[in-house]
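Just so we're aligned: the sequence shown equals residues 1 to 152 in full-length UniProt numbering. Reviewing the structure listed below.
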Amino acid sequence: MPCPKPDNPFAVMTKWGRKDKGAYLLISNRHDVPKEVVQTYAKRWRIEVFFRAAKQELAFEKCHSEFETHHHAHFELLFVAETLLAVALFELNKEKTSDEGYTHGEMVRGLFHTRCQVHVKTHKGIQRISLDCDTHVRQFARLIELFGRSII
1 MPCPKPDNPF AVMTKWGRKD KGAYLLISNR HDVPKEVVQT YAKRWRIEVF FRAAKQELAF
61 EKCHSEFETH HHAHFELLFV AETLLAVALF ELNKEKTSDE GYTHGEMVRG LFHTRCQVHV
121 KTHKGIQRIS LDCDTHVRQF ARLIELFGRS II
């Protein structure tokens, strides 16, 4: 990283809040808007966390199709899976302490095993993509109750 020049000011900010688990050092060339820099970093961090989870736990890199539409469909299924996981984590962890709660990886292993299947068969010119779920019913009964009515 090049050393900043006097005509190119930069700001170094630290953030420590009650909800935050530690201190963060943020460096930006926007010295005039420190709050927006912190908000931007927070948004970018959530994106980084999603991609890490998608790669490590949701088989992001397992779609080996050569068609771009298949990759887009696979990625959209990952967003759906991550949304389902976020709701499940909220439901299961809302009355637990951080030591008792489930981690993202435990949720992936316990809630479902997904795989993206792109069928060659088409219906009205549209390829079908199926999402197979293998769910432990008792542990996730509340979640199934929340979503089951809208699916059936």
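Every residue, glycine too, gets a C-beta built ideally from N, C-alpha and C.
Quick check on DSSP: helix, strand or coil for residue i?
| i | result |
| --- | --- |
| Glu-91 | helix |
| Thr-122 | strand |
| Glu-145 | helix |
Nearest-angstrom Cα distance between residue i and residue j?
| i | j | result |
| --- | --- | --- |
| Arg-109 | His-123 | 32 Å |
| Glu-91 | Gly-125 | 39 Å |
| Cys-116 | Cys-63 | Model confidence at Cys-116 stands at a pLDDT of 48, short of 50, so the residue's coordinates are unreliable and nothing is read from them. |
| Glu-106 | Gln-56 | 12 Å |
| Asn-93 | Glu-145 | 17 Å |
| Val-37 | Glu-95 | 33 Å |
| Arg-46 | Gln-127 | 32 Å |
| Lys-43 | Asn-29 | 18 Å |
| Thr-97 | Ala-86 | 17 Å |
| Gln-39 | Leu-58 | 27 Å |
| Ile-152 | Pro-34 | Because the pLDDT at Ile-152 is just 48, under 50, the model does not fix this residue reliably, and the value given afterwards should be weighed accordingly. Cα-Cα distance, rounded: 48 Å. |
| Glu-100 | Tyr-41 | 29 Å |
| Phe-67 | His-104 | 30 Å |
Thinking just about the alpha-carbon of each residue, which of the options is nearest to the one in residue i?
| i | options | result |
| --- | --- | --- |
| residue 161 | Val-38, Arg-46, Asn-93, Phe-51 | The question about residue 161 has no answer, for the chain in this structure spans 1 to 152. |
| Val-49 | Phe-79, Ala-73, Gly-101, Gln-127 | Phe-79 |
| Glu-82 | Phe-60, Glu-95, Lys-96 | Phe-60 |
| Leu-77 | Asn-93, Ala-54, Lys-43, Lys-96 | Ala-54 |
Assuming residue i contacts residue j (C-beta within less than 8 Å), just tell me the rounded distance between them.
| i | j | result |
| --- | --- | --- |
| Leu-84 | Tyr-102 | Rounded, the Cβ-Cβ distance is 14 Å, inconsistent with contact. |
| His-72 | Ser-65 | Not a contact, Cβ separation roughly 10 Å. |
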